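Peer 1: Chains as they are written, first to last, in the numbering used here: chain D, 370 to 785; chain H, 370 to 785.
Cβ coordinates follow ideal geometry from the N, Cα and C atoms, glycine included.
Fair warning: this is a prediction, and the values are worked out from it, not measured in the lab.
Questions regarding the structure given below will be posed in turn.
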């Protein structure tokens with residue numbers, strides 16, 4: 370057994386090559402990637418990931434949801450140590466969100482095999498699917514939900530694509546997956562899941578550090594809200610007699626954002642999507658539909674923030690005589706990292722001489738699903754300008770190598 | 370010459386039949402009509418209008434913009450007395466907005482001819498096109514602008530449809546109109562233009578009167594505003610570091626609407642249209658584009674209201690570090706009615722024993738274009754619940770007959 374202070378060698382050229390080559394599948398507006406789950410670009414990316422797993426001497430397995438696994442069998446029996454992330458993107462997203470973690474797991478295991486040989490415990494890299502919900506808005510964490518047994522029979526029939534034209538069932542069948550066979554993707558033999566991801570925020574850059582070890586993942590709730598008023602002519606109807614859902618929406622969006630702003634870090638609230646009917650210049654609208662994304666990593670504060678938002682929406686709608694209704698599309702409680710893994714990852718970073726900080730994740734991740742069946746911890750890599758969910762997202766190869774060294778050292782501590 | 374106290378007979382059954390039959394061209398969601406300019410439904414409606422003009426013994430003429438005229442030649446030479454309105458609709462609108470005025474002109478002239486014979490001065494009914502700007506957002510009052518010579522050569526090449534797929538030139542050629550021949554639609558032989566229209570507001574209903582004589586038409590400005598911020602992940606980016614154009618839009622829309630509300634009647638401000646990029650739940654948007662429709666019938670107040678709105682938009686954008694820019698799509702100054710015609714119409718209503726009030730119009734109308742070449746006045750008919758620009762708009766046949774009697778008596782005073 371090697372000592373932990375040994376530096377793990379990560380091939381900077383290889384990771385750069387893999388990032389750039391995978392970004393070609395769904396390449397969009399220069400540095401962007403538009404690669405939704407089960408699209409032709411996504412299929413091509415999974416095939417490429419599988420080939421690279423084979424190159425690394427891993428045994429490839431495509432599961433019944435569409436996740437791709439590369440397995441390095443350990444000398445001893447027992448549950449696996451897994452690392453990976455998702456390879457679907459926003460519409461468009463960048464080259465790093467998710468994809469970097471899928472590649473990092475593969476590169477880390479490849480490096481460990483080269484440097485230290487066959488591990489004691491089985492190591493697996495994984496490329497997950499539809500974390501973003503960018504093709505099917507209610508299907509976030511679809512791949513990791515398949516692994517944790519959180520997809521119920523018939524779910525795929527109910528999930529409708531963003532453009533309303535197809536169900537998840539249609540999309541799966543189109544790429545040769547059988548929606549009735551999703552339960553077979555369930556795993557009950559994973560001990561630990563270590564996910565590397567870009568930070569998607571500006572905090573590491575602010576404090577000038579390459580890497581963070583994540584204490585836990587924020588709670589996330591998504592509301593789909595509908596306000597209904599009365600459609601009228603924009604000229605003939607006096608302000609004092611209107612029931613204007615756009616005015617109600619504007620007051621609500623303004624107040625929700627202000628509320629999160631006043632709470633301060635780490636509370637966040639975003640209104641990202643709005644649709645107006647009929648959406649005409651000279652017509653007081655009949656209906657405004659919008660989303661609210663609200664997050665807090667401390668469960669008790671999370672509950673208070675949501676209650677505050679709901680109270681405000683009801684109050685504004687009642688005062689303005691508007692009908693209001695909402696559906697909660699996502700309600701993901703705050704998810705603390707496993708305390709043991711969290712300590713191991715920090716020790717690994719110290720061993721490798723990689724300077725780091727700890728922070729909570731403001732974004733949701735597959736790890737919070739995997740936490741249902743495994744111990745989890747995450748490693749963040751600095752994002753340029755804190756940008757993500759955009760073609761402009763960027764992390765330097767130097768920071769990425771530092772992050773993968775911490776990942777590999779963590780896996781080494783767990784598997785060798 | 371008859372005395373003015375003679376009641377003019379209006380055929381209630383005929384006007385009801387005409388309203389219902391014309392509503393079939395573009396029938397939408399039950400009581401609605403979706404009939405944009407130069408569409409197949411619009412072509413069919415113009416043909417029907419022309420047939421009814423012929424039935425009434427009027428000489429039909431289709432001009433080079435697409436307006437349809439029905440002429441009853443007077444015994445004496447000289448400029449015409451004209452009545453009509455537009456037959457294009459919102460997407461969808463109702464059966465009455467515009468259409469009722471086109472039919473009222475025809476029915477009134479038909480009734481005068483039947484009851485009083487050939488007039489001294491020439492009378493004309495007209496069905497105008499694209500008042501709404503519902504197919505080409507920047508082409509409001511297209512038909513009446515053609516008549517007043519306010520369409521410049523090449524304008525039709527620059528006007529792009531709401532869906533961005535075609536120019537006005539394309540649309541005109543598709544129905545056999547030559548955009549290079551628009552100047553031929555210009556008229557310089559119209560003395561007076563009397564337009565009957567539904568009120569499109571709740572004021573007549575509030576005071577329980579069937580008809581209003583319009584003192585003038587509100588000034589209308591339409592802004593097309595773009596706010597640009599920085600697209601970011603909705604979780605990873607702290608509130609205090611965001612440049613969120615949705616938050617800026619919400620504050621602006623909320624404040625503009627509140628400003629008009631505080632000013633009170635007759636000031637109105639409407640945000641009817643908004644488009645967000647990328648419009649995703651978990652993404653702080655990059656760009657929000659929206660419209661502002663602001664109106665006041667007193668020119669000095671109109672200028673102050675616009676200045677106040679512009680100051681507020683600039684202030685919010687600057688404070689939130691957002692780029693802001695706008696185009697003024699429509700800037701139509703307040704348009705008072707001709708004092709002589711305004712008095713004649715009131716006298717006509719008194720003669721016919723039709724109870725009425727006077728009011729300013731909060732909506733824009735073809736009359737404000739026609740005012741460039743003719744004396745104008747308008748007659749309003751009560752709208753149920755003040756509704757317009759919606760399939761639910763409704764006026765009773767009893768109120769409509771009262772309105773057409775006032776219209777016919779006004780035309781009688783001018784032409785016989």
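So residue 613/H contacts chain D; which residues on that side make the cut at Cβ distance below 9 angstroms?
Peer 2: Per Cβ cutoff of 9 angstroms: 626, 639, 640.
Peer 1: Should residue 592/D and residue 661/D be called a contact, given that it needs their Cβ atoms to be closer than 7 angstroms?
Peer 2: Yes, these two residues count as a Cβ contact at 7 angstroms.
Peer 1: Between residue 398/D and the rest of its own chain, which residues show a CB-CB distance below 7 angstroms, the 5 nearest in sequence each way excluded?
Peer 2: Once the five neighbours on either side are set aside, the close Cβ partners of residue 398/D are 461, 760.
Peer 1: Could you give the residue range of the beta strand (DSSP E) that holds residue 744/H?
Peer 2: Element bounds for residue 744/H: 744-750.
Peer 1: Which runs of the beta strand (DSSP E) spanning at least 3 residues fall entirely within the region 651-715 of chain D, listed in chain order?
Peer 2: Here the runs fully enclosed are 656-665, 692-701.
Peer 1: Terminal residues of the continuous beta strand (DSSP E) containing residue 420/D?
Peer 2: No beta strand (DSSP E) holds residue 420/D; the alpha helix (DSSP H) holding it covers 409-424.
Peer 1: Near residue 525/H, which residues of its chain fall below 8 angstroms by C-beta distance, leaving aside the five closest residues on each side in sequence?
Peer 2: Correct list, in chain order: 536, 537, 538, 541, 548, 551.
Peer 1: Please list the terminal residues of the continuous alpha helix (DSSP H) segment that includes residue 565/D.
Peer 2: Where residue 565/D is concerned, there is no enclosing alpha helix (DSSP H), although the beta strand (DSSP E) it sits in stretches over 559-567.
Peer 1: Output the distance between the C-alpha atoms of residue 731/D and residue 599/H, rounded to the nearest integer angstrom.
Peer 2: Whole-angstrom Cα-Cα distance: 18 angstroms.
Peer 1: Which full runs of the alpha helix (DSSP H) of 4+ residues lie inside the region 539-620 of chain H, going along the chain?
Peer 2: Runs of the alpha helix (DSSP H) inside the region 539-620 of chain H: 572-576.
Peer 1: Does DSSP classify residue 494/D as helix, strand or coil?
Peer 2: Strand, per DSSP.
Peer 1: Going along the chain, which residues of its own chain have a beta-carbon closer than 8 angstroms to the beta-carbon of residue 431/D, five neighbours each way excluded?
Peer 2: Once the five neighbours on either side are set aside, the close Cβ partners of residue 431/D are 415, 419, 437, 438.
Peer 1: Look up residue 781/D in the DSSP assignment and say whether it is helix, strand or coil.
Peer 2: Here residue 781/D sits in helix by DSSP.
Peer 1: Closer than 9 angstroms, Cβ to Cβ, to anything on chain H: give me those residues from the region 597-613 of chain D, in chain order.
Peer 2: Listed by position, the residues of the region 597-613 of chain D near chain H (Cβ gap below 9 angstroms) are 599, 600, 601, 602, 603, 604, 605, 606, 607, 608, 609, 610, 611, 613.
Peer 1: Given this structure, state the Cα-to-Cα distance separating residue 370/H from residue 483/H, to the nearest angstrom.
Peer 2: At residue 370/H the pLDDT is 43, less than 50, meaning the model places this residue with poor confidence; the figure from the coordinates comes in the next sentence. Computed Cα separation, rounded: 15 angstroms.
Peer 1: On the criterion of 16 or more Cβ atoms from any shown chain inside 10 Å, does residue 445/D qualify as buried, or is it exposed?
Peer 2: Its Cβ having fewer than 16 others within 10 Å, residue 445/D is exposed.
Peer 1: Quick check on residue 729/H: does DSSP put it in helix, strand or coil?
Peer 2: The answer is strand: DSSP assigns residue 729/H an E or B state.
Peer 1: As a quick exercise: from 489/D, 779/D, 381/D, 610/D, pick the residue whose alpha carbon is nearest that of residue 769/D.
Peer 2: The residue with the shortest Cα to Cα distance from residue 769/D is 381/D.
Peer 1: Residues of the region 449-477 of chain H with a CB closer than 7 angstroms to any CB of chain D: list them in chain order, please.
Peer 2: Going along the region 449-477 of chain H in chain order, one finds 459, 460 with a Cβ nearer than 7 angstroms to chain D.
Peer 1: In three-state DSSP terms, what is residue 789/H?
Peer 2: Because chain H here runs from 370 to 785, residue 789/H falls outside it and cannot be looked at.
Peer 1: Using alpha carbons as the reference points, say which of 512/H, 408/H, 394/H lies closest to residue 464/H.
Peer 2: The option with the nearest alpha carbon to residue 464/H is 394/H.
Peer 1: Whole angstroms is fine: what's the gap from residue 471/H's alpha carbon to residue 580/H's?
Peer 2: Using only the alpha carbons, I get a separation of about 17 angstroms.
Peer 1: Are the beta-carbon atoms of residue 689/H and residue 617/H separated by less than 7 angstroms?
Peer 2: Their beta carbons are under 7 angstroms apart, which means residue 689/H touches residue 617/H by this criterion.
Peer 1: Please report the distance separating the alpha-carbon of residue 650/D from that of residue 595/H.
Peer 2: Rounded to the nearest angstrom, the two C-alpha atoms are 14 angstroms apart.
Peer 1: Cβ closer than 8 angstroms: which chain D residues qualify as neighbours of residue 589/H?
Peer 2: In chain order: 604.
Peer 1: Could you check how far apart the C-beta atoms of residue 491/D and residue 404/D are, in whole angstroms? I think they sit under 8 angstroms.
Peer 2: With a Cβ gap of about 29 angstroms, residue 491/D and residue 404/D do not count as contacting.
Peer 1: What is the DSSP secondary structure of residue 470/H, reduced to helix, strand or coil?
Peer 2: Helix.
Peer 1: Which bits of chain D does residue 533/H rub up against, with CB to CB less than 7 angstroms?
Peer 2: Neighbours of residue 533/H on chain D: none; closest Cβ ~14 angstroms, over 7 angstroms.
Peer 1: What residues from chain D crowd round residue 759/H, counting only those whose CB sits closer than 9 angstroms?
Peer 2: Correct list: 599, 600, 601, 602, 647, 652, 655.
Peer 1: Within the chosen definition, does the region 526-535 of chain H reach the region 406-415 of chain H through at least 3 CB pairs nearer than 8 angstroms?
Peer 2: The region 526-535 of chain H is not in contact with the region 406-415 of chain H.
Peer 1: Give the residues of chain H in contact with residue 755/D, contact being defined as C-beta atoms less than 9 angstroms apart.
Peer 2: Those are 601, 602, 605, 606, 607, 610, listed as they occur along chain H.
Peer 1: Ordered along the chain, which non-local residues of its own chain (more than five positions away) have a Cβ less than 6 angstroms from that of residue 643/D?
Peer 2: Cβ neighbours of residue 643/D beyond the five flanking positions: 659.
Peer 1: If you draw a straight line from the C-alpha of residue 782/H to the C-alpha of residue 717/H, how long is it?
Peer 2: The alpha-carbon atoms of residue 782/H and residue 717/H are separated by roughly 8 angstroms.
Peer 1: For chain A, check one thing: does any of its Cβ atoms lie closer than 7 angstroms to the Cβ of residue 571/H?
Peer 2: No chain A appears in this structure, whose protein chains are D and H.
Peer 1: For a cutoff of 7 angstroms on Cβ pairs, would you count residue 662/H as touching chain D?
Peer 2: Yes, its Cβ sits closer than 7 angstroms to a Cβ of chain D.
Peer 1: Near residue 601/H, which residues of its chain fall below 6 angstroms by C-beta distance, leaving aside the five closest residues on each side in sequence?
Peer 2: Only 653 meet the Cβ criterion.
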